[in-house]
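Working notes for the structure below.
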Amino acid sequence: MNQLQTIQSKIYEIRGQRVMLDFDLAELYGIETKYLKRSVKNNIRRFPSDFMFELTKEEFDSLRCNFSTSKRGGIRYMPFAFSEHGVAQLSAVLNSDIAIEVNIQIIRTFVAMRQWITTPPPVDKNAELREEIESIHRRRLRRPERHQRRHPDAA
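All the letters of the sequence shown, read from the start, carry residue numbers 76 to 230 under our numbering.
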């Protein structure tokens, strides 16, 4: 699995937003979740509710079926969920080379997902032309040629 797919598999839709959870981000950054949470709490003004929010127990329980382990190692506190903008803020808060590199990949993944969703699939021009030709041919078969009607002696 390449980096884009790895990151994409860690993006969830919660409260109508695409978000990443604190423990997945900590894993990507190579740090413990408690250090990520501490950095966020120390800089909480950088994370308004549309950048980051804490999951409710119900939200976390409904996501739990997506995880390979049932308890995620005994979580004491509900995870933080970070939107694309919240992830961008993390690079400023964590301020490490790894965080910056990982954030660039995460932002590219969010952008790729957005483009995939908003861009219609490519149109097969050959199939489109074929269909148009067949349509013209069907119409011609249904009605007699006009020049035959105008010139009755042409028979």
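Ideal Cβ positions, reconstructed from N, Cα and C, are used throughout, including at glycine.
Source: prediction; values computed, not measured.
In whole angstroms, what separates the C-alpha of R113 from that of S158? Here residue 113 refers to the residue found at position 38 when the sequence shown is read from its first residue. Here residue 158 refers to the residue found at position 83 when the sequence shown is read from its first residue. Whole-angstrom Cα-Cα distance: 18 angstroms.
Between the alpha carbons of L204 and L111, how many angstroms are there, rounded? Here residue 204 is taken as the residue at index 129 of the sequence shown, counted from 1. Here residue 111 is taken as the residue at index 36 of the sequence shown, counted from 1. Near 56 angstroms, if we compare the C-alpha coordinates of L111 and L204.
Given a cut-off of 8 angstroms on the beta-carbon distance, is the pair A156 and M188 in contact? Translated into the one-based positions of the sequence shown, residue 156 becomes position 81. Translated into the one-based positions of the sequence shown, residue 188 becomes position 113. It is not a contact, given that the beta carbons lie outside the stated cut-off.
In this structure, how does DSSP classify L165 when only helix, strand and coil are distinguished? Stepping through the sequence shown from its first residue, residue 165 is reached at position 90. Residue state, collapsed to three classes: helix.
For A101, collect the residues of the same chain with a Cβ closer than 7 angstroms to its Cβ; drop the 5 residues on either side in sequence, then sort them by chain order. As a first step, residue 101 is located in the sequence shown; it is residue number 26 there, counting from the start. Excluding sequence neighbours, A101 sits near E107, T108 and L111.
Could you give the C-beta distance for G161 and F122, rounded to a whole number, given that I count them as a contact under 8 angstroms? Locating residue 161 in the sequence shown gives position 86, counting from the first residue. Locating residue 122 in the sequence shown gives position 47, counting from the first residue. Confirmed, Cβ separation roughly 6 angstroms.
Please tell me whether I86 and R93 are closer than 8 angstroms, where the distance is taken between their beta carbons. Position 11 of the sequence shown, counted from the first residue, corresponds to residue 86. Position 18 of the sequence shown, counted from the first residue, corresponds to residue 93. Contact: yes.
Please state the DSSP three-state secondary structure of I89. By one-based count along the sequence shown, residue 89 stands at place 14. Strand, per DSSP.
With respect to the alpha helix (DSSP H) encompassing E133, which residues constitute its N-terminal and C-terminal limits? For the purposes of this step, residue 133 is identified with residue 58 of the sequence shown, where counting begins at 1. Note, E133: alpha helix (DSSP H), K132 to L138.
I think L103 touches V177, with their Cβ atoms under 8 angstroms apart; what is that distance to the nearest whole Å? Reading the sequence shown from its first residue, position 28 is the one you call residue 103. Reading the sequence shown from its first residue, position 102 is the one you call residue 177. With a Cβ gap of about 5 angstroms, L103 and V177 count as contacting.
Straight-line CA distance for N77 to E206? In the sequence shown, the residue the question calls residue 77 occupies position 2. In the sequence shown, the residue the question calls residue 206 occupies position 131. About 39 angstroms.
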